[in-house]
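Q:
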Amino acid sequence: MISVQTIKRVKSLQQKKFREEENCFVAETPKIVEEILNSNTYSVETVYGLKSWIDENWKRFARHTLEEVSPKELERISGLQTPNQVLAVVKKPEISTNFQTIFSDTNLMLDDIRDPGNLGTILRIADWFGVKHVICSNESVEYTNPKCIQASMGSFLRVEVHYGSLSEILSQKPKNTPIYGAFMDGENIYQTELNSKACIVIGNETHGISKPVESLITKKIHIPSFSTESKHAESLNASIATAIFCSELRRRD
């Protein structure tokens, strides 16, 4: 049985304020927790699991602190509508930023992405297309948000996420590195020349790319609609646009 204090503390990590204070976050579901436990980058503080999960996995993860909880206790500390089998409290690692590495290949820059589901899906897309670095503006949602962790399906373990001023970071790029931005009035992505070693900038879900970052874009890119209807979707979801950009650049490698 876990204490009321522990329940309160773990539950508090659903909120950004307490994640920042504790420098910890929560991860749930067997797939994600087991990937974290096998990771060399992330350190797990405590794993809270149902008896069935503990019995099945304790030998593999005996070096970690495993604590058995009842279904009711798991429900009280979980952030999911339907709690799964296991939850882990994970320490956030320090990630150093090497700009030479970041600019040596395709990277994603996210300008004020606010939806944690979008960010998590973008990390999953980056993982799929072999994009190792995702740079987020300081205003973007934190990748340790529980909804982002869930949406990433473990991809946050394989993609380095950095935060900072995109304008300042872009000012450090090599002169020959192009910066592509997603715009409604840009060049057709399927008809324009693209370099795979580039910075891809995806803007805010509502307002797009901010003016300071827009001024640094070297080529505005548009994903055209092929709808024959006079009225069609006004725009694409940020994560879908990211997938199309990554797919098109990798196709041309």
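Numbering follows the working numbering, in which position 229 of the sequence shown is assigned residue number 884; successive positions increment by one, without gaps. The beta-carbon is built from N, C-alpha and C at its ideal position, and this holds for glycine as well.
(1) Is DSSP giving F900 helix, strand or coil here?
(2) Report the residue from P726, K746, V745 whose alpha carbon sits nearest the alpha carbon of P738.
(3) Is E842 helix, strand or coil when you go by DSSP?
(4) Among H719, S795, Q846, which residue has its Cα nearest to the Cα of I878?
(5) Could you have a look at E723 and say whether DSSP puts it in helix, strand or coil?
(6) Kindly indicate which three-state DSSP category T776 falls into: helix, strand or coil?
(7) Just verifying my parser: in three-state terms, what is the DSSP assignment at T621?
(8) Taking 8 angstroms as the threshold (C-beta atoms), are I872 and G819 in contact?
(9) Tell me the rounded alpha-carbon separation between K706 and R715.
(10) What first and last residue would you give for the alpha helix (DSSP H) that runs through F754?
(11) Do C791 and K828 count as a contact pair if the criterion is CB distance below 8 angstroms?
(12) Compare the C-alpha of K830 against each of Q755, T799, Q736 and name the closest.
(13) Can I662 and I709 be called in contact, C-beta distance under 8 angstroms?
(14) Would you tell me roughly how many angstroms separate the C-alpha atoms of V741 and T761, rounded to the nearest one?
(15) Just verifying my parser: in three-state terms, what is the DSSP assignment at E815?
(16) With 16 as the cutoff for other CB atoms within 10 Å, does N678 come out buried or exposed?
(17) Apart from the five residues just before and just after H719, which ones in its own chain have a Cβ nearer than 7 angstroms to its Cβ?
(18) Can you list, in chain order, the residues of its chain whose CB lies under 6 angstroms from that of V796, leaving out five sequence neighbours each side?
(19) Quick one: does G863 have its CB under 8 angstroms from some CB of chain B?
(20) Please list, in chain order, all residues of the same chain as L825 whose beta carbon is under 8 angstroms from its beta carbon, the five residues on each side excluded.
(21) Please state whether the Cβ-Cβ distance between G809 and K686 is less than 8 angstroms.
(22) Taking a contact to mean a Cβ-Cβ separation below 8 angstroms, would you say I844 touches I876 in this structure?
(23) Could you name the residues of the same chain whose beta carbon sits closer than 6 angstroms to that of H817, not counting the 5 residues immediately before and after it, in chain order?
(24) Can you have a look at I857 and say buried or exposed, based on whether 16 or more other CB atoms are within 10 angstroms of its CB?
(25) I'd like to know whether the C-beta atoms of E690 and Q805 end up nearer to each other than 8 angstroms.
A: Taking the geometry as given:
(1) helix
(2) P726
(3) strand
(4) Nearest of H719, S795, Q846 to I878, Cα basis: Q846.
(5) strand
(6) helix
(7) In the structure displayed, the chain extends from 656 to 908; residue 621 sits before or after that span and is not available.
(8) no
(9) 15 angstroms
(10) 754-757
(11) No.
(12) Q755
(13) In this structure, I709 does not lie closer than 8 angstroms to I662 by Cβ.
(14) 35 angstroms
(15) strand
(16) A residue is called buried once 16 or more other Cβ atoms fall within 10 Å of its Cβ, and N678, having fewer, is exposed.
(17) L692, V699, V702
(18) R769, P771, L774
(19) The structure shown contains no chain B; it holds only a single protein chain.
(20) M764, I834, C854, V868, L871
(21) yes
(22) yes
(23) For H817, where only same-chain residues beyond five positions count, the Cβ hits under 6 angstroms are T752, I790.
(24) buried
(25) no
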